[in-house]
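Peer 1:
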Amino acid sequence: MTEDKRIKEYVNVTVKFKKDGSMIPVSIEWENGKVYTVDRILDVRNAASLKAGGCGMRYLCKIMGTQTYIFFEEDKWFVERKAQCAEDF
Numbered sequence: 242m243t244e245d246k247r248i249k250e251y252v253n254v255t256v257k258f259k260k261d262g263s264m265i266p267v268s269i270e271w272e273n274g275k276v277y278t279v280d281r282i283l284d285v286r287n288a289a290s291l292k293a294g295g296c297g298m299r300y301l302c303k304i305m306g307t308q309t310y311i312f313f314e315e316d317k318w319f320v321e322r323k324a325q326c327a328e329d330f
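Residue 261 in my numbering is what sits at position 20 of the sequence shown, and the numbering runs on without skipping anything.
#1: For residue 282, which of 257, 296, 253 has the nearest alpha-carbon?
#2: Thinking just about the alpha-carbon of each residue, which of 251, 290, 249, 277 is nearest to the one in residue 306?
#3: List the residues that DSSP assigns as beta-bridge partners of residue 301.
#4: Please work out which residues of its chain come closer than 7 Å, Cβ to Cβ, to residue 303, disregarding the five sequence neighbours upstream and downstream, and give them in chain order.
#5: Is residue 322 closer than 8 Å to residue 250 when the C-beta atoms are compared?
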């Protein structure tokens, strides 16, 4: 059984700022330039990334039918990306 190890992957995020100052992620740009639209925000809370480390504002989003977390940590956005292991090369 292989462990599902995750690492922080900093990403570009397009954000809508509401008049109350809150941020709504609209899309995420992956490292290869591919842009994914955030279909829906399901939950927002201050929380730790238990899989990749770090903490900040955690957004539970639905992207292309899949639930995923996006984190805003200090002044950067990151996702929990699957780490490549030696057997992947």
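Here a beta-carbon is modelled for each residue, glycine too, at the ideal position from N, C-alpha and C.
Predicted, not measured: the structure shown is a model, and the values here were computed from it.
Peer 2: Reading it off the structure:
#1: 257
#2: 277
#3: 284, 310
#4: 280, 281, 283
#5: yes
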